[in-house]
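*Asks:*
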Amino acid sequence: MKKPFYITTPIYYPSGNPHIGHCYTTVACDVCARAKRMQGYDVMFLTGTDEHGQKIEKKAQEAGQTPKEYLDVIVGKFKTLWELMDISYDRFIRTTDDYHVESVQKIFEKLYKDGYIYKGAYTGKYCTPCESFWTDSQLVDGKCPDCGREVVDAKEEAYFFKLSQFGPQLKELLLDEERNFLEPKSRVNEMIHNFIDPGLQDLCVSRTSFRWGVPVTFDEDHVVYVWIDALSNYISALGFMNEKYDEYAKYWPADVHVMAKEIVRFHSLIWPAMLMALGEPLPKKVVGHGWITFGNSGAKMSKSSGNVVDPFVLCERYGVDAIRYDMLREMPFGSDMPYTNESMFTRINSDLANDLGNLVSRTVAMVIKYFGGTLPVDKDFNDSDEDLLSMVDALPDYVKDAYDTLHISDALETIFKTIARANKYIDENEPWVLAKDEAKKPRLAAVLYNLLDTIRRCSILLSPVMPHVCPEIFEQIGEEKTEFVWEDSEVRHGLKADVTVKKGRVLFPRIDVEKELEELAALSAPARKLPEEPLKDLTDFDNFAALDLRAVKVKSCERVPKSDKLLKFIVDDGFGDRQVLSGIAKYYNPEDLIGKTLAMIVNLKPRKMMGYESNGMIMSVRDGDKFRVVEFGDDIEAGADIS
Ligand code: ME8
1 MKKPFYITTP IYYPSGNPHI GHCYTTVACD VCARAKRMQG YDVMFLTGTD EHGQKIEKKA
61 QEAGQTPKEY LDVIVGKFKT LWELMDISYD RFIRTTDDYH VESVQKIFEK LYKDGYIYKG
121 AYTGKYCTPC ESFWTDSQLV DGKCPDCGRE VVDAKEEAYF FKLSQFGPQL KELLLDEERN
181 FLEPKSRVNE MIHNFIDPGL QDLCVSRTSF RWGVPVTFDE DHVVYVWIDA LSNYISALGF
241 MNEKYDEYAK YWPADVHVMA KEIVRFHSLI WPAMLMALGE PLPKKVVGHG WITFGNSGAK
301 MSKSSGNVVD PFVLCERYGV DAIRYDMLRE MPFGSDMPYT NESMFTRINS DLANDLGNLV
361 SRTVAMVIKY FGGTLPVDKD FNDSDEDLLS MVDALPDYVK DAYDTLHISD ALETIFKTIA
421 RANKYIDENE PWVLAKDEAK KPRLAAVLYN LLDTIRRCSI LLSPVMPHVC PEIFEQIGEE
481 KTEFVWEDSE VRHGLKADVT VKKGRVLFPR IDVEKELEEL AALSAPARKL PEEPLKDLTD
541 FDNFAALDLR AVKVKSCERV PKSDKLLKFI VDDGFGDRQV LSGIAKYYNP EDLIGKTLAM
601 IVNLKPRKMM GYESNGMIMS VRDGDKFRVV EFGDDIEAGA DIS
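Take the sequence shown: its letter number 551 is residue 551 in our numbering, and every next letter is one higher.
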């Protein structure tokens, strides 16, 4: 019976394309999963997508699609990227999968039945157009942090989870030195000081303001709060409270949940509290790594800030293994990693092209040059080899621990120190001098054999990080095995004595930094497209002056029955109210426009559309194949003229 090992990534929001931030966590988990498989474990590696919530509902609406249509495309991109990046996940969960929905509903029901969830009222500040509740501390200058509009006091019926009662147990869990539940340690202090010590509040776990979520079975006006839905994925994916899988007993509790620091709070407070309430075992470990930040700005690379680097482009141009290596090597455990293309090129050139690539190509070339490709069995090993060989002997245990605990950068740093040591060993032993003396051939054979065997052992340890290149290295150094087994890296001189090498391609071509920087910059500059409407003929100023252009305030807005294009507005033009129609129904939720200050031509002659009179024209700007209204800040008065 193999020992089980269960590792998870967060389930990502498919509200935009995947970027290298998502890649980092997923590749890090992949390395850990691959290493555990090589060590003989029965691994379950889970990833997936978190598909409910108001944000997704809105995004789909903006794109003129149903949520599911919208999601399928982006989820497809995540899956394609994971395939391209060689992610060896065992299961991909989507929170819209029926079996997951079933589990979430049953979990919610059980918590309610057992008294951990109760019905109460949520009071807070409410932004009507955004349909969002905010706490006082979330408001910006007393206004909605999303749209900047006025908020009102509001009260809404909602279900609450008794998080407040778990404070002492959570504190004990986090402070348990032996358990080491949350890493790095700095996050433990953060959780205790910022959340537990000030007093945990009960958590509002249902919403009635939107529909795109898992319905509460016994009160269908409510959908389950997206984090309760999302966190449950870690057990629903194993079949907890559903019929789809039957692996909960085998894999739960998880060995490690991996994520970045901003969602550690959910995983180290809410998630254990939910499991305690359910009476289920807790995961063994939660690891919260740092962020990939954009350049040296410190800003998190994220979909919403638009500063993302496209992993598809990077993998295609520089190779999947080089990108995997670079990300993992550059991210120090627990801290942030500023990403620049330039530092990536430098890293690839120095570690991969110079140190590893050269070591392999020089060694193979020398075996071919001095021995026609096959080493003789007669070798003269001596004590001066010990320094290199003992360094390699120490690697497997160190790297195993480092991969297990997601200290992957440390593992790579140590492996590459050994590779640098091997390069130095060549210079110390001067094979080109030994080759001149026939009597020294056995010594030359020993030196080259030590090098090949060092490469073999390092390749095994590097194979979880570089799954494409390491098999090629095996081929070049004449290792006939095709499977990477951890124990083989522990064996000194495990390579066949009369090994035959094979010259292969350059494993890591050197990157011309200047040229690549220019090409990447050109790629990311958007191609200039001509606007769809050509420029019109010149006109007199009088024609312009004849138009009465003003700011107006939207008082009401609704769809025109039987029309999928038209919205009917009542707007205040500064003198009074008027009705106007606009063909933008596909791009907006009518409620989202209420309260906005828009630009309008007010003196167009009235026109009838679908039986309603329109008095003027709301101005919109083309945005690809959509239209967006031209709007002003709240401080612009109704009736202010535009010139
Ligand atoms: O938070 N640097 O999804 P999400 C490093 N659906 N890692 C990054 C990163 C960056 N710049 N940007 C993203 C969610 N990540 C929830 C999770 S789990 C039950 C629900 C990685 O799409 C990192 O792992 O915002 C981070 O925690 C995660 O993506 C957030 O992904």
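Ideal placement from N, C-alpha and C gives every residue a C-beta, glycine not left out.
Since the model is a prediction, treat every value here as computed from it, not as a measurement.
#1: Check this for me: beta carbons of residue 235 and residue 225, under 8 Å apart or not?
#2: Do three or more CB pairs link the segment 84 to 91 to the segment 22 to 39 at distances below 8 Å?
#3: Leaving aside the five residues before and after residue 464 along the sequence, list all residues of the same chain whose C-beta is less than 6 Å from its C-beta, in chain order.
#4: Kindly examine the ligand ME8 and report whether one of its heavy atoms sits closer than 7 Å to the Cβ of residue 47.
#5: Three or more C-beta pairs under 8 Å: does that hold for the segment 369 to 376 against the segment 500 to 511?
#6: Tell me whether the beta-carbon of residue 127 lies closer than 8 Å to the beta-carbon of residue 141.
#7: Is any heavy atom of the ligand ME8 found at a distance shorter than 7 Å from the C-beta of residue 135?
#8: Does the segment 401 to 418 come within contact of the segment 466 to 474, defined as at least 3 CB pairs closer than 8 Å?
#9: Which whole-angstrom value is the C-beta distance of residue 318 and residue 511, which I expect to be below 8 Å?
#10: Label residue 623 either buried or exposed according to how many other C-beta atoms from any shown protein chain fall within 10 Å of its C-beta, with 16 as the threshold for buried.
#11: Just to confirm, does residue 291 get its C-beta within under 7 Å of one of the non-hydrogen atoms of the ligand ME8?
#12: Let me know if residue 534 comes out buried or exposed under the rule of 16 or more other beta-carbons within 10 Å of its beta-carbon.
#13: So with Cβ pairs under 8 Å, would you call residue 413 a contact of chain B?
#14: State the beta-bridge partners of residue 257 as determined by DSSP.
#15: What separation, rounded to the nearest whole angstrom, lies between the Cα atoms of residue 266 and residue 274?
#16: Tell me, which residues are paired with residue 473 by DSSP?
#17: Any heavy atom of the ligand NAD within a distance shorter than 7 Å of the CB on residue 263?
#18: Any heavy atom of the ligand ME8 closer than 7 Å to the CB of residue 231?
#19: So what does DSSP say about residue 59, is it helix, strand or coil?
#20: Below 7 Å CB to CB, which residues in the same chain sit around residue 635 once its five sequence neighbours on both sides are set aside?
#21: Thinking residue 572 and residue 550 are a contact (beta carbons under 8 Å), I'd like their distance in whole angstroms, please.
#22: Please determine whether the Cβ atom of residue 274 lies at a distance below 7 Å from any heavy atom of the ligand ME8.
#23: Assuming residue 557 contacts residue 569 under a Cβ cut-off of 8 Å, what Cβ separation, rounded to an integer in Å, is found between them?
#24: According to DSSP, is residue 130 helix, strand or coil?
#25: Please give me, in chain order, every unbroken run of the beta strand (DSSP E) with length at least 3 that falls completely inside the segment 76 to 106.
#26: Helix, strand or coil, according to DSSP, for residue 568 in the structure here?
#27: For residue 315 and residue 323, what's the separation of their Cα atoms in angstroms?
#28: According to the neighbour-count rule (16 or more other Cβ atoms, all chains shown, within 10 Å of its Cβ), is residue 201 buried or exposed?
#29: Under the three-state reduction of DSSP, which class applies to residue 1: helix, strand or coil?
#30: So what does DSSP say about residue 324, is it helix, strand or coil?
#31: Closer than 7 Å to a non-hydrogen atom of the ligand ME8 - does that hold for the CB of residue 50?
#32: Could you have a look at residue 631 and say whether DSSP puts it in helix, strand or coil?
#33: Kindly examine the ligand ME8 and report whether one of its heavy atoms sits closer than 7 Å to the Cβ of residue 12.
#34: Should the segment 445 to 456 be called in touch with the segment 328 to 346, which here means at least 3 C-beta pairs below 8 Å?
#35: Between the C-alpha atoms of residue 104 and residue 278, what's the straight-line distance to the nearest angstrom?
#36: Which residue wins for smallest C-alpha separation from residue 310, given the options 578, 523, 95 and 612?
*Replies:* With the structure as the only source:
#1: no
#2: yes
#3: 31, 34 and 35
#4: no
#5: yes
#6: no
#7: no
#8: no
#9: 7 Å
#10: exposed
#11: yes
#12: exposed
#13: Among the chains in the structure shown there is no chain B, since it carries only a single protein chain.
#14: 8 and 286
#15: 10 Å
#16: The partner list for residue 473 (beta bridge, DSSP) is empty, contrary to what the question assumes.
#17: Ligands displayed in this structure: the ligand ME8; the ligand NAD is not among them.
#18: yes
#19: helix
#20: none
#21: Rounded, the Cβ-Cβ distance is 10 Å, inconsistent with contact.
#22: no
#23: 5 Å
#24: coil
#25: 91 to 94
#26: strand
#27: 6 Å
#28: exposed
#29: coil
#30: helix
#31: yes
#32: strand
#33: yes
#34: no
#35: 12 Å
#36: 523
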